[in-house]
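Enquirer:
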Amino acid sequence: MTEPKLAQEPKADLGIKGGQDTKDPDRENPKFLWRSGEMVEWDKATVHISQLGWTAISSVFEGIRAYWNDDRQELYIFHLDTHLKRLARSMKIMRMTSPFPNEELKDAIASLLKANEFRADAYVQPLAYFGGGIPGYLAVLERPGEIVITARPSASGLDESKVVSCNISSWNRISDNVMPPRAKAITNYQNSRYVSTESRANGYDFGIILNAQGKVSEASYACIFIVRDGVAITPPISAGILESITREVVKDLLEKDFGVPVVERDVERTELYIADEVFICGTAVEVQAVGSVDKYQVGDGETGPVVAKLREQFQSVVKGEHPRHADWCTPVYQGA
Ligand code: PMP
-19 MTEPKLAQEP KADLGIKGGQ DTKDPDRENP KFLWRSGEMV EWDKATVHIS
31 QLGWTAISSV FEGIRAYWND DRQELYIFHL DTHLKRLARS MKIMRMTSPF
81 PNEELKDAIA SLLKANEFRA DAYVQPLAYF GGGIPGYLAV LERPGEIVIT
131 ARPSASGLDE SKVVSCNISS WNRISDNVMP PRAKAITNYQ NSRYVSTESR
181 ANGYDFGIIL NAQGKVSEAS YACIFIVRDG VAITPPISAG ILESITREVV
231 KDLLEKDFGV PVVERDVERT ELYIADEVFI CGTAVEVQAV GSVDKYQVGD
281 GETGPVVAKL REQFQSVVKG EHPRHADWCT PVYQGA
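With the working numbering, letter number 40 in the sequence shown gets 20, and the count goes up by one each step, no holes.
1) Any heavy atom of ligand 3 within a distance shorter than 8 Å of the CB on K164?
2) If I206 sits next to A255, beta carbons under 8 Å apart, how far is it from one beta carbon to the other, in whole angstroms?
3) With H, G and I counted as helix, E and B as strand and the rest as coil, what does DSSP make of G248?
4) On the criterion of 16 or more Cβ atoms from any shown chain inside 10 Å, does R245 qualify as buried, or is it exposed?
5) By how many angstroms is the C-alpha of L234 removed from the C-alpha of T310?
6) Comparing the CB of C203 with every heavy atom of ligand 1, is any distance shorter than 8 Å?
7) Within 10 Å of its beta-carbon, does S150 have 16 or more other beta-carbons around it, so buried, or fewer, so exposed?
8) At a cut-off of 8 Å, is C261 close to ligand 1 when judged by its beta-carbon and the heavy atoms of the ligand?
9) Would you mind listing the alpha helix (DSSP H) stretches within the region 180 to 244 that are 4+ residues and don't spill past its ends, in chain order?
10) Less than 6 Å between C-beta atoms, sequence neighbours within five positions excluded: which residues of the same chain meet that for A165?
11) Quick one: using the 10 Å Cβ neighbour count with 16 as the cut-off for buried, is T2 buried or exposed?
12) Would you report the Cα separation of P5 and A135, rounded to the nearest angstrom?
13) So, helix, strand or coil for Y117, using DSSP?
14) Output needed for I37: all residues of its chain with C-beta closer than 7 Å, excluding positions within five of it in sequence on either side, in chain order.
15) Tell me which same chain residues have a C-beta within less than 6 Å of the C-beta of K299, skipping the five on either side of it?
16) If distances are taken between C-alpha atoms only, which option among S176, L64, T26, S218 comes closest to V247?
17) Should G264 go down as buried or exposed, given a rule of 16 or more other Cβ atoms within 10 Å for buried?
18) For a test of the three-state rule: what should DSSP assign to E97, helix, strand or coil?
19) Where do the N-terminal and C-terminal ends of the alpha helix (DSSP H) with P285 fall, by residue?
20) If you draw a straight line from the C-alpha of G111 to the C-alpha of E97, how long is it?
21) Start and end of the alpha helix (DSSP H) containing M71?
22) Do you know how far the Cα of E54 is from the Cα of R162?
23) Can you give the Cα-Cα distance for G279 and V230, rounded to whole angstroms?
24) Check this for me: beta carbons of M71 and A108, under 9 Å apart or not?
25) In the DSSP assignment, find the beta strand (DSSP E) that holds F80 and state where it starts and stops.
26) Can you find the residues in the same chain that come closer than 7 Å, C-beta to C-beta, to K195, ignoring five residues on each side of it along the sequence?
27) Compute the beta-carbon to beta-carbon distance between T226 and G262, rounded to the nearest angstrom, for a pair I have assumed lies under 8 Å.
28) Helix, strand or coil for Q314, going by three-state DSSP, please let me know.
Laid out in C-alpha cells, this is it:
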C-alpha cells in the first residue's frame, strides 16, 4: 500500500491503545486525520469560520466501522469498498467529482488507522465537500470536492444484549424528489435528527419514520426488519431508505446462513405491533432487537431467536472469522 504523505511523524504513545475502554468518542482526540491527500495533525486541521454551515449544505459522507480482533491482533475495516462506492455515488448525485480514486481513499483509511495506532474498534468518517469557500447553495457543476477522513475509537455493542424501544415518529421521511435519501448527505440528517430528538424527548430510544405514503421507511439512523411467521420482511429501497450496506449483509446472512426467506415489500405500521420480532440494523447500531413499538410489546419484549443468532453471526463476520465473508473485511495491520 502506498503511504500518503505525512505532514508530521506520528508520536509513539497515542493513549488509545487496546481494550474496549473507548465508549466515549469525545474522550480524547486522535492524533491525525487525513485531508485531501495528506495526514494532518488533528489540531492543525482547521477551516475558516466563514465556511461554517455553508460547506455542509452539499457535503456527503460515510460511516464505516473497523473491528478489532484480539485473537488475531488485527483490525478489520468492514465493507470498505462498498462504503467508498456509496461515497462516490453520493458525490455524483451532488455533481461533485472526486480527485481521489477509491484505491487511494482505501489506502488513506488504513494508513490513518495505523497512524493513530488504533488497536480497538473504531468508527471512520470520510466527508466530501466543496472547499474554497463555495457556499453550498450555489450551483456548482462537476467540481472537485475536498475529502477529509476522521477516525475515532468506538466500541461495538455486539457483546451487550440490548433491546431498544421505538415509537412511530410524527415526522415523515424525505423522498427522492425532495432530498434523495440514497445520497448520504449531511443535510438529510436534519430529517433523522427531528425524529431522534422527538423520540428522545418522549422517552424512546429510536424513532421509526413513515414515508409520505404512510408506509414504514426506516429508523432514524438504521434500517428495519420485521419477522412474521418465519419470514423476514424489510421495506424496499423505494420506501425512502438509505441504500444500507448492513441491510444487504443481513439479507445475505438470513437467507444463505439461516435459510430464513427475506421479502422486500411495503410494511405497514400495525405490522410492527404484531410482528414476532422487529430489529434495526446499520453501521452504527449494528443489529439491535426492538422490544416495543409505541409501547406495544414485540414478542416477549426480549431479543427474539432470529435476532439472537443474527447478532452472533454478524459478530463473527465483522471480525473476519466467517469463512464465506472474509473478503468483506480489510485487514489494517497485516495488509500493510
Ligand atoms: N439509514 C440512515 C439514515 C442511516 O444513517 C444509516 C446509517 N448509515 C442507515 C440507514 C444504515 O446504513 P448502513 O447499513 O449502510 O450503515
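Ideal Cβ placement from N, Cα and C applies to all residues, glycine included.
Note that the structure is a prediction, hence the values are computed from the model and not measured.
Expert: Taking the coordinates as given:
1) With respect to ligand 3, the structure shown offers nothing to examine, as its ligands consist of ligand 1.
2) Confirmed, Cβ separation roughly 4 Å.
3) Before going on, a small fix: residue 248 reads as Glu here, not Gly. For E248, the three-state secondary structure derived from DSSP is coil.
4) R245 should be labelled exposed.
5) Approximately 23 Å, taken between the alpha carbons.
6) For ligand 1, at least one heavy atom lies less than 8 Å from the Cβ of C203.
7) Label assigned to S150: exposed.
8) Taking the Cβ of C261 as the reference point, at least one heavy atom of ligand 1 falls within a distance shorter than 8 Å.
9) If we require 4 residues or more, the alpha helix (DSSP H) runs fully inside the region 180 to 244 come out as 225 to 232.
10) These residues qualify, in order along the chain: V40.
11) Unreliable placement is indicated for T2, whose pLDDT of 40 sits below 50; the coordinate value is still reported in the next sentence. Counting Cβ neighbours within 10 Å, T2 comes out buried, since at least 16 surround it.
12) The pLDDT assigned to P5 is 49, lower than 50, so where the model puts this residue is not dependable; a value taken from the coordinates is nonetheless given after this. Cα to Cα, P5 sits roughly 9 Å from A135.
13) Here Y117 sits in coil by DSSP.
14) Cβ neighbours of I37 beyond the five flanking positions: G116, Y117, T167.
15) These residues qualify, in order along the chain: Y47, N49.
16) It is S218.
17) It is worth fixing the name first, because residue 264 is Ala in this sequence and not Gly. With fewer than 16 Cβ atoms within 10 Å of its Cβ, A264 is classed as exposed.
18) Of the three classes helix, strand and coil, the one that applies to E97 here is coil, per DSSP.
19) Residues 285 to 298.
20) So the two alpha carbons sit approximately 29 Å from each other.
21) Boundaries of the alpha helix (DSSP H) harbouring M71: 60 to 73, taken from the DSSP string.
22) Looking at the two C-alpha atoms, the distance is approximately 32 Å.
23) Roughly 20 Å between the two C-alpha positions.
24) Cβ distance < 9 Å, so M71 and A108 count as in contact.
25) Counting along the chain, no beta strand (DSSP E) covers F80, and no H or E run does either.
26) Closer than 7 Å at Cβ, skipping near neighbours: P215, A219, D246, V247, E248.
27) Between T226 and G262, the beta carbon gap of about 5 Å places them in contact (Cβ cut-off 8 Å).
28) Three-state result, Q314: coil.
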